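Structure, as structure tokens:
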Amino acid sequence: MRNKSVFWVSLTNFRVWTHLGWRDLRAQYARTKLGPWWSATSLGATVLGSSVAIGLVGNNKALTLTPQLGIGLAIWTLVSISLNDGSDLFESERGVLLNSTIDELSLVFRLIWRNTIIFFHNLPVVALALLIGGYKLSWHIVLFLPLALLVVPALVFPVAVFARLTLWRRDLKSLLPSLIQVGFFLTPIFWSPPATGPMKIIFNINPIGWFIVLTKEAVLENHFRWDLFTRCIITVVVSVLLLEILQSYFKQIRKLV
Amino acid sequence: MTHILLKDVVFSRRLYSVAGQEQPTKIHRYRRILDQISLEIADGQRVGILGPNGAGKTTLLRLIAGIFVPDEGTIERNSDVSALLDSGYGMVDSLTARENCISRLIIAGIPKSEIPAVVDWIEDLTEIGEYFDQPMRTFSSGMFARTIFALATARPHEVIVIDEGFGLADEYFRRKAQRVLEQLYNDASILIFASHNAELLKDTCQRGIVLKDGKIAFDGTIDDAIKFNHS
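Sequence order for the protein chains is A and B. Quick note: to get this note's numbering, add 358 to the position in the first sequence (first position is 1). Quick note: to get this note's numbering, add 197 to the position in the second sequence (first position is 1).
See below:
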């Protein structure tokens with residue numbers, strides 16, 4: 359086990375984490391009528407509300423921003439919910455960790471899989487946002503899903519690190535939502551990265567922004583940014599490599615829960 | 198032949214700072230829960246683990262089961278080990294008993310094709326009727342205990358490590374469950390049982406190991422181990 363790639367071992371344990379991901383959603387929405395569609399409803403309200411508010415403040419047409427916001431918020435929601443859920447992951451799974459031999463990263467995969475299912479439920483909202491915003495249909499629309507989902511493997515490392523860090527210092531859990539909130543404003547969801555200035559620097563050091571801008575520009579402006587695509591691929595590779603390098607750090611998890 | 202071999206196993210846990218109390222120094226921040234444990238358990242043995250609270254009994258079971266990884270030393274096992282420790286783990290009360298059982302069996306790595314038969318067996322043993330397909334939040338504590346007992350004992354295991362906290366529910370079910378447990382013990386090649394209950398250990402085990410302060414203080418027959426533990 360020690361010589362095998364931890365990423366690969368957890369990935370091949372897909373029967374467990376895909377099942378648990380679905381089960382989480384069934385449990386979470388067990389007593390609701392809409393189930394995961396609640397998330398889509400909430401995203402739709404945020405996209406529409408933000409678009410109208412920003413339009414009115416900026417004296418623009420109220421709904422012109424909906425395509426940008428639809429794509430940006432769908433990806434951002436996947437990232438932020440995964441990071442937020444990660445802060446409580448190992449502590450909430452204490453029983454499973456102390457009574458079974460399930461590998462720790464499978465729990466991370468399960469969390470991301472669960473949020474990816476929610477992301478799929480958000481797709482009609484993205485389609486609706488494009489429609490409302492007057493999106494002219496082109497073949498570039500087919501790039502949306504593969505580019506947006508590129509962020510999924512990149513999430514494994516940060517979610518695992520957040521989950522591990524909050525075991526080490528439990529008070530970080532209280533800080534995390536605020537950090538994610540700040541991250542929201544520093545990520546080009548309702549703004550586009552400028553050519554110069556401090557926001558360009560912030561964009562250049564914010565990998566989540568790369569995934570969002572790559573998807574937005576490819577779908578909305580028919581412009582495929584190879585430079586951003588390369589950065590995103592490197593981010594995914596580095597995430598997986600860091601998991602392998604830091605595997606002994608993650609092996610301590612059962613001792614800390 | 199099934200066997201388990203521990204060589205010089207060391208396992209430490211971190212001590213945490215508690216507000217208002219003296220803080221552990223850097224040197225004393227880690228406490229050795231198990232210290233240089235060497236042990237061989239051969240096929241057919243039923244071993245009772247005794248010792249005061251905090252002696253390291255449950256930690257030893259978790260190491261043998263492969264749940265914990267030792268800091269130092271090695272553990273050899275040539276068979277999968279089934280741990281019956283806190284058998285209620287991973288149960289979600291908004292899901293039905295059937296759904297929870299399926300999840301636990303998937304976590305345990307049971308092939309998909311075998312799961313329906315195992316779940317049927319669990320349903321029969323629990324005797325809770327239509328409640329088996331109701332959310333577990335509607336269960337009484339007895340129904341909950343029956344379900345987790347049936348789930349834990351549903352399949353034969355080559356090696357079983359079992360903790361004393363493993364409950365047997367109400368009196369009627371206790372007799373039925375006892376027969377299931379006896380069958381399970383008989384089918385296992387190795388049984389390792391941690392408990393404070395001397396009578397239960399005498400009935401189940403032949404060999405006894407006493408742990409004290411993370412070390413093996415005694416290893417011999419179960420009767421002698423019980424005497425040693427009380428001395």
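Beta carbons are placed, not taken as given, at the ideal position from N, Cα and C, and that holds for glycine. Keep in mind it's a predicted model, so treat the numbers as computed, not measured.
Minimum Cβ-Cβ distance from residue i to chain B less than 8 Å
| i | result |
| --- | --- |
| A:V615 | no |
| A:V364 | no |
| A:L383 | no |
| A:R389 | yes |
| A:H377 | yes |
| A:N468 | For clarity, residue 468 of chain A is Arg in the given sequence; the question names Asn instead. Answer no: the Cβ-Cβ gap between A:R468 and chain B never drops below 8 Å. |
| A:L609 | Here the sequence assigns Lys to residue 609 of chain A, which means Leu is not the residue at that position. With 8 Å as the cut-off, A:K609 counts as an interface residue toward chain B. |
| A:P472 | The displayed chain sequence assigns Arg, not Pro, to residue 472 of chain A. By this cut-off, A:R472 is not an interface position. |
| A:R612 | yes |
Contacts that residue i makes with chain E (C-beta to C-beta distance below 7 Å)
| i | result |
| --- | --- |
| A:V374 | Absent here is chain E; the protein component of the structure consists of chains A and B. |
Cβ-Cβ separation, residue j to residue i (assumed contact under 8 Å), whole Å
| i | j | result |
| --- | --- | --- |
| B:I377 | B:T350 | It should be pointed out that residue 377 of chain B corresponds to Val in this sequence rather than to Ile. Correct: roughly 5 Å between the Cβ atoms. |
| B:I387 | B:I234 | Actually they do not touch by this definition, with Cβ atoms about 17 Å apart. |
| B:G248 | B:N426 | 7 Å |
| A:V517 | A:L469 | 6 Å |
| B:N394 | B:E361 | 6 Å |
| B:L281 | B:I359 | 4 Å |
| A:L534 | A:S440 | Their Cβ separation, rounded to whole angstroms, is 12 Å, which puts A:L534 and A:S440 out of contact at 8 Å. |
| A:H377 | B:I303 | 5 Å |
Local Cβ density within 10 Å of residue i, reported as buried at 16 or more and exposed below that
| i | result |
| --- | --- |
| A:R528 | exposed |
| A:I559 | exposed |
| A:W434 | buried |
| A:L401 | buried |
| B:E396 | exposed |
| A:Q539 | exposed |
| A:Q451 | The amino acid at residue 451 of chain A is misidentified as Gln; the sequence shows Glu. Buried is the call here. |
| B:S428 | exposed |
| A:F543 | exposed |
| A:W375 | buried |
| B:Q380 | exposed |
| A:V510 | buried |
| B:L212 | exposed |
| A:M359 | Residue placement at A:M359 is poorly supported in this model, since its pLDDT is 45, which falls under 50; the coordinates are not used for a value here. |
| B:M340 | buried |
| A:W584 | exposed |
CB contact below 8 Å: residue i versus chain A
| i | result |
| --- | --- |
| B:P332 | yes |
| B:A280 | yes |
| B:G287 | yes |
| B:A385 | no |
| B:I264 | yes |
| B:D232 | no |
| B:R352 | no |
| B:S300 | yes |
| B:S291 | yes |
| B:R229 | no |
| B:I274 | Looking at the sequence shown, residue 274 of chain B is not Ile but Arg. So, not an interface residue. |
| B:R295 | no |
| B:R211 | yes |
| B:D283 | yes |
If contact means a Cβ-Cβ distance below 7 Å, which residues of the region 442–466 of chain A contact chain B?
G453, V454, L456, N457, S458, T459 and I460
List in chain order: all unbroken beta strand (DSSP E) runs of 3+ residues lying wholly within the region 223–273 of chain B.
Restricted to the region 223–273 of chain B, the beta strand (DSSP E) segments that are unbroken, complete and at least 3 residues in length are 227–238 and 243–247, listed in chain order.
Run through the region 430–456 of chain A for me and flag every whole alpha helix (DSSP H) of 4 or more residues, listed as ranges in chain order.
447–450
Taking a Cβ distance cut-off of 9 Å, strictly less, list which residues of the region 499–530 of chain A are near chain B, in chain order.
none
If contact means a Cβ-Cβ distance below 9 Å, which residues of the region 305–330 of chain B contact chain A?
A305, G306 and K309
Return the chain-ordered ranges of every alpha helix (DSSP H) run that is complete within the region 360–442 of chain A and spans a minimum of 4 residues.
364–370, 372–386 and 395–415
Length-filtered (3 minimum) beta strand (DSSP E) runs lying within the region 278–329 of chain B
As far as the region 278–329 of chain B is concerned, its whole beta strand (DSSP E) runs of at least 3 residues are 278–281.
Tell me which residues of the region 251–262 of chain B have at least one Cβ-Cβ distance to chain A shorter than 8 Å, keeping chain order.
Here the close residues are R259 and A262.
Which ranges does the beta strand (DSSP E) cover as unbroken runs of at least 3 residues, wholly within the region 367–423 of chain B, from first to last along the chain?
The beta strand (DSSP E) runs of length 3 or more contained entirely in the region 367–423 of chain B are, from start to end of the chain, 387–391, 404–409 and 412–418.
Curious, which full-length alpha helix (DSSP H) runs of at least 4 residues does the region 515–558 of chain A contain?
530–544
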